[in-house]
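Just below is one structure, and these are the notes that go with it.
Protein chains: 2
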Amino acid sequence: MGQLKTAATERRSHQDFFNIAVSVDCVIFSYQDKALKVLLIKSDLKEFEGLYSLLGDLVGPDEDLEEAPYRVLQERTGLHDVYLEQVHTFGNIGRHPSGRVITTAYFSLVNSKSSNFQITHDDVSWHPVNSLKKLAFDHKIILDTCLKQLRDAVMEHPIVFNLLPEKFSLRELQDIYEAILGIELDRRNFRKRLMVKDWLVDLAEMEEDVPHRPGKLYKARPSLKKNGRAPLHIDQRLVV
Amino acid sequence: MGQLKTAATERRSHQDFFNIAVSVDCVIFSYQDKALKVLLIKSDLKEFEGLYSLLGDLVGPDEDLEEAPYRVLQERTGLHDVYLEQVHTFGNIGRHPSGRVITTAYFSLVNSKSSNFQITHDDVSWHPVNSLKKLAFDHKIILDTCLKQLRDAVMEHPIVFNLLPEKFSLRELQDIYEAILGIELDRRNFRKRLMVKDWLVDLAEMEEDVPHRPGKLYKARPSLKKNGRAPLHIDQRLVV
DNA sequence: GCAAAAGTGTTAATCTTACACCCATGC
DNA sequence: GCATGGGTGTAAGATTAACACTTTTGC
Chain G
1 MGQLKTAATE RRSHQDFFNI AVSVDCVIFS YQDKALKVLL IKSDLKEFEG LYSLLGDLVG
61 PDEDLEEAPY RVLQERTGLH DVYLEQVHTF GNIGRHPSGR VITTAYFSLV NSKSSNFQIT
121 HDDVSWHPVN SLKKLAFDHK IILDTCLKQL RDAVMEHPIV FNLLPEKFSL RELQDIYEAI
181 LGIELDRRNF RKRLMVKDWL VDLAEMEEDV PHRPGKLYKA RPSLKKNGRA PLHIDQRLVV
Chain S
1001 MGQLKTAATE RRSHQDFFNI AVSVDCVIFS YQDKALKVLL IKSDLKEFEG LYSLLGDLVG
1061 PDEDLEEAPY RVLQERTGLH DVYLEQVHTF GNIGRHPSGR VITTAYFSLV NSKSSNFQIT
1121 HDDVSWHPVN SLKKLAFDHK IILDTCLKQL RDAVMEHPIV FNLLPEKFSL RELQDIYEAI
1181 LGIELDRRNF RKRLMVKDWL VDLAEMEEDV PHRPGKLYKA RPSLKKNGRA PLHIDQRLVV
């Protein structure tokens, strides 16, 4: 049992190790034209010319790790009231050509039709999640990992309502689930399973101007709207 | 669309950000005396005098993130053939008094009766997971998060066999599940559920020197023994 | 009246849970 | 023979999966 050292002493002895950069990367999902999309930016690194990458940024020295993806989202989309979930941290030595960067991946679900939404950069655009080939860095693996976690989360937890307008029909909701899961669902079973979860409020309104029998409109139960900002180490998907 | 910059250029402009240290913390679980234990070390920081902390270390500048917990495990326990799973990354500004340190938490399951096992430091010791109060840093939260993930993982994936000797009875196995989950299980249902998973090989041997009817001995199916070293972004729990 | 999607219920199969008695061993 | 835990099956309930016809609207 040696001498206790102060934190200041320890910091000095470890100075050499303060040379890994920490970033976050956001897999920002949206839903458009009946497809799951992800927001990507044209890489501005020569090494990845022509490739797209996820939206990310270095974590500031005075910024909580969990704050960083909210900042990235805000900066890139204008949105702040979003669902965000930490997925995994990637830290292989060679993953970033600029130097040693480890990155924590988050996924989020945003509504690109929200009035606050705006893309502030020409090189940022939506891409269908299927039909993505190669991305810059290890971002394809990050994307795949996040998509898998999204699929695991989505039937258990009420996280998709960000993707929809305030009022929506069950058909619209089912379309989203099908797009996310990549499979078709039985309409009757889907509705039953959903009703049991008690996530929806029946608005007693109907669709209008549809060329078929109009469906009922629903909204998400207000108590589900607590998006995102609970401490991430607590399973915020359980915050119902 | 501005000029493309080289990685080298980018590195220079971000130099200021290379001042966050990255660590890993290992929640090393074991099973002794019918209880789930965790390996802790007496904190050598004055700020946490008298408290215990998880075993962790800074990630080396030339070390993959995923390598670091294996190194910590090896250094602290002599073990290398272990199950390891990344859980979450914690990065609040104030979490470490020595400076800005973000940490990625892993849990592992080790057998403290393995012939390779040895603790190389006097201040390192096993503690029952229940009856833990306060730990140094945010390590109590990290521990709780890892325990939750362990509990989620354990019924779905064959990860507990590290905790047992080569040959074991179903009772021993059930005791472990009960210790991990913190609940009692029905013997018949437990056995049925387990047999369906096809994780076990019946050794056609019996316990000896027990003061009651001897139970059959089993071992883990050899193909399950691929512990740990698959890339962590792939769900290695599925590697069966 | 036709096209398009909404709405709705039942059955079979599967999975989960609860539960009790006889058996093999050491002493 | 008694104490200790080993080994086993069944029935009820809950959950999931498959499946088809009638209704309402716009045109």
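If you're matching them up, the sequences are chains G and S in order.
Numbering (the working numbering) for the first sequence: 1 to 240.
Numbering (the working numbering) for the second sequence: 1001 to 1240.
The beta carbon of each residue, even a glycine, is placed where N, CA and C say it ideally should be.
Contact set between residue i and chain S, taken where Cβ atoms lie within less than 9 angstroms
| i | result |
| --- | --- |
| D62 (chain G) | I1093 and R1100 |
| Q86 (chain G) | H1088 and T1089 |
Pair within 7 angstroms by beta-carbon distance, residue i and residue j
| i | j | result |
| --- | --- | --- |
| L1054 (chain S) | H1157 (chain S) | no |
| G56 (chain G) | V101 (chain G) | no |
| V72 (chain G) | C26 (chain G) | yes |
| N1116 (chain S) | G1078 (chain S) | yes |
| P214 (chain G) | E205 (chain G) | no |
| V1082 (chain S) | F1107 (chain S) | no |
| K46 (chain G) | W126 (chain G) | no |
| A136 (chain G) | S30 (chain G) | no |
| T89 (chain G) | T1089 (chain S) | yes |
Contacting residues, own chain, Cβ-Cβ under 6 angstroms from residue i (five flanking each side not counted)
| i | result |
| --- | --- |
| F190 (chain G) | Q174 |
| Q1149 (chain S) | V1087 |
| R1188 (chain S) | none |
| P1097 (chain S) | E1047 |
| H1080 (chain S) | Q1074 |
| R76 (chain G) | L55 |
| I176 (chain G) | Y31, V160 and L163 |
Of the listed residues the options, nearest to residue i (C-alpha basis)
| i | options | result |
| --- | --- | --- |
| A35 (chain G) | G:L181, G:E205 and G:K219 | G:L181 |
| V22 (chain G) | G:D33, G:E47, G:P61 and G:S30 | G:P61 |
| Y1070 (chain S) | S:F1090, S:T1104 and S:S1098 | S:T1104 |
| D1064 (chain S) | G:G99, G:L203, G:Y31 and G:Y52 | G:G99 |
| L1109 (chain S) | S:I1028, S:P1165 and S:K1216 | S:I1028 |
| I1093 (chain S) | G:E184, G:P97, G:A68 and G:L84 | G:A68 |
| V1124 (chain S) | S:E1085, S:L1040 and S:S1114 | S:L1040 |
| N1130 (chain S) | S:I1119, S:D1144 and S:T1120 | S:D1144 |
| R1151 (chain S) | S:Q1074, S:A1179 and S:I1141 | S:A1179 |
| L170 (chain G) | G:A153, G:I20 and G:K192 | G:K192 |
| I141 (chain G) | G:I20, G:S114, G:R95 and G:K197 | G:R95 |
| Q118 (chain G) | G:G91, G:M155, G:P128 and G:Q74 | G:Q74 |
| K113 (chain G) | G:V196, G:E166, G:G50 and G:E49 | G:E166 |
| V196 (chain G) | G:P128, G:D209, G:M155 and G:D122 | G:M155 |
| G1091 (chain S) | S:R1076, S:D1209, S:H1212 and S:I1020 | S:I1020 |
Proximal chain G residues relative to residue i, where beta-carbon distance stays under 7 angstroms
| i | result |
| --- | --- |
| T1104 (chain S) | T89 |
Cβ shell of residue i (< 8 angstroms), same chain only, five flanking positions each side left out
| i | result |
| --- | --- |
| L1224 (chain S) | P1158, F1161, W1199 and V1240 |
| F282 (chain G) | For chain G, the structure presents residues 1 to 240; residue 282 (chain G) sits outside this window and is missing. |
| E172 (chain G) | L164 |
| L1194 (chain S) | L1170, L1173 and L1200 |
| E49 (chain G) | S43 |
| V1210 (chain S) | none |
Cutoff 7 angstroms; reference residue i; Cβ partners in own chain excluding five residues on either side
| i | result |
| --- | --- |
| P222 (chain G) | none |
| V59 (chain G) | V22, S23, V24, L65 and A68 |
| K1133 (chain S) | none |
| E1310 (chain S) | Since the displayed chain S opens at 1001 and closes at 1240, residue 1310 (chain S) lies outside it and no answer follows. |
| D202 (chain G) | K216 and Y218 |
| T1032 (chain S) | Going by the sequence as given, residue 1032 (chain S) is Gln instead of Thr. Result list for Q1032 (chain S): S1112 and W1126, in chain order. |
Residues that residue i contacts on chain S, provided the C-beta gap is smaller than 8 angstroms
| i | result |
| --- | --- |
| I20 (chain G) | F1018, I1020, A1021, V1022, V1059 and P1061 |
| L251 (chain G) | Residue 251 (chain G) cannot be examined here, being either before or after the span of chain G that is shown, 1 to 240. |
Cβ-heavy atom distance, residue i to the ligand HEM, below 6 angstroms
| i | result |
| --- | --- |
| E156 (chain G) | Absence of the ligand HEM from the depicted structure is noted, as is the absence of any ligand whatsoever, leaving it without description. |
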